[in-house]
Amino acid sequence: MSIQDIPAARHVKGACGLAPETEELKFNPDLNHTQAAVFGKGKLWPNGSDISYSFFGGTANQQAAVRSVAIEWTYYANINLTQADDHDAYAMVRIGFNANGSWSAVGNGAERIKKGDLTMNLGWIDDSPIVSADNRGTILHEWGHALGMMHEHQSPARGGTLTLKTDTVYAYYRATQGWSNDMVKSQIIDVYNLNNVSNFSKLDTTSIMMYFMEPYLNVENIDVPVNTKLSDMDKAYMLINYPRTRPHPKAKDWTLERALGVAGVPAGEIKAYLGLGDEGIRKKFEDWNIFQRQKELGKASIDA
Ligand SMILES: [Zn+2]
């Protein structure tokens with residue numbers, strides 16, 4: 002869906018209205034940011050995929066920033082990223098740098114976008130050899146979408162942890178982003194339906210997929226800063242959803258066992274995952290995860 006992702010937006014000068022492109026994309030369900038780590042149902046690429054990407058514009062600095070930052074996901078996810086020639090209409094991820102916001106298709110939803118059209122836009126990346134923390138955050142966030150992650154702040158696990166003050170939220174995004182109430186509802190207020198997510202963690206306000214939030218926008222007065230780094234939960238979920246049998250040399254301590262532990266799988270159950278194969282691991286984790294979260298959500302509503 003669409004998407005002016007807010008974190009970087011506040012660094013954009015002037016109004017941050019929706020650009021025509023974003024409007025076009027708004028009603029395309031494949032672009033819907035619908036899923037803390039929260040993964041979209043059926044949105045994962047096959048494990049071990051070699052994902053090609055192509056730049057449609059961008060300066061040498063901007064392109065270098067994307068190359069150097071996006072690769073960080075591959076230390077956890079068992080995927081490769083390969084740069085194709087510029088303007089390659091058949092690259093799996095097609096990246097523009099139009100100055101009208103940042104957004105991305107979710108996972109393999111990119112395959113249903115017309116060849117040659119963008120699947121990701123990075124409108125806020127500076128033309129600088131130095132990659133700022135905010136720029137890193139934006140690139141990691143949009144690539145999180147490209148690998149199947151959805152928005153943390155719309156996680157079904159939000160209930161009971163973070164309660165939005167809806168009237169204030171509508172007014173805030175209208176004033177800061179120029180968003181309509183429908184846009185605020187679909188991008189911020191609504192939580193994903195359990196049917197649309199394959200697995201998700203407890204609400205992780207440190208996730209790269211979480212929008213920053215001023216404390217007065219929620220009842221609990223939680224201040225969510227602009228996250229510019231991958232959280233441990235982001236890493237763990239990415240590793241489990243794209244299972245690695247061996248850790249990446251750049252992240253030697255991130256084994257599948259550790260990732261499962263970080264995600265909350267009880268120590269006694271972890272062994273049963275090992276040797277299951279890619280789909281077996283994904284399936285077993287998804288089953289455990291949904292069962293676990295539903296149990297917690299059920300308990301939260303009973304407590305409330
Ligand atoms: Zn987003």
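Letter by letter, the sequence shown follows residues 2 to 305 of this note's numbering. From the three backbone atoms N, C-alpha and C, an ideal C-beta is built for every residue, glycine too.
Based on the DSSP secondary-structure assignment, which residues constitute the bridge partners of residue i?
i: T169; result: None; T169 has no bridge partner.
i: D51; result: N81
i: L123; result: S103
i: M234; result: Per DSSP, none; premise fails for M234.
i: G41; result: V198
i: F98; result: Bridge partners of F98: none, in fact.
i: F56; result: I96
Rounding to the nearest angstrom, what Cα-Cα distance links residue i and residue j in this structure?
i: K272; j: Q178; result: 47 Å
i: Y193; j: Q155; result: 6 Å
i: M239; j: V185; result: 27 Å
i: A264; j: F286; result: 10 Å
i: W180; j: F213; result: 16 Å
i: N197; j: D224; result: 28 Å
i: A61; j: S232; result: 29 Å
i: D205; j: G117; result: 35 Å
i: P130; j: A66; result: 8 Å
i: K251; j: G145; result: 19 Å
i: L45; j: D135; result: 26 Å
i: A147; j: L163; result: 26 Å
i: I267; j: F40; result: Going by the sequence as given, residue 267 is Pro instead of Ile. Those two C-alpha atoms are separated by around 21 Å.
i: G160; j: K115; result: 36 Å
i: R245; j: N290; result: 19 Å
i: A106; j: L257; result: 27 Å
i: F201; j: A260; result: 14 Å
i: D183; j: K166; result: 16 Å
i: R77; j: M234; result: Note that residue 77 corresponds to Tyr in the displayed sequence, not to Arg. Rounded to whole angstroms, Y77 to M234 spans 11 Å at the Cα level.
i: F57; j: E270; result: 46 Å
Using the beta-carbon count (16 or more within 10 Å), is residue i buried or exposed?
i: N219; result: buried
i: A217; result: Per the sequence presented here, residue 217 reads as Tyr, with Ala not at that position. With fewer than 16 other Cβ atoms within 10 Å, it is exposed.
i: H152; result: buried
i: K42; result: buried
i: L103; result: Note that residue 103 corresponds to Ser in the displayed sequence, not to Leu. It counts as buried.
i: A92; result: buried
i: A158; result: buried
i: G59; result: buried
i: Q295; result: exposed
i: E143; result: buried
i: L82; result: buried
i: N228; result: buried
i: N79; result: buried
i: T75; result: buried
Assign residue i to one of three DSSP states: helix, strand, or coil.
i: M210; result: coil
i: M93; result: coil
i: S133; result: coil
i: S69; result: helix
i: T23; result: In this prediction, T23 scores a pLDDT of 27, lower than 50, which makes its location untrustworthy; the coordinate-derived value is nonetheless stated afterwards. Looking at T23 - three-state DSSP - the assignment turns out to be helix.
i: F292; result: helix
i: M151; result: coil
i: N109; result: helix
i: V225; result: strand
message = Measuring CB atoms only, is the stretch 63-81 touching the stretch 105-113, in the sense that at least three cross pairs come out at less than 8 Å?
response = Output reads no: the stretch 105-113 does not touch the stretch 63-81.
ask   = Is there contact between the stretch 138-154 and the stretch 273-280, where contact requires at least three CB pairs shorter than 8 Å?
value = At 8 Å Cβ cutoff, the stretches do not touch.
ask   = Is the stretch 116-135 in contact with the stretch 87-99, if contact means three or more CB pairs nearer than 8 Å?
value = By the Cβ rule, the stretch 116-135 counts as touching the stretch 87-99, because three or more pairs are nearer than 8 Å.
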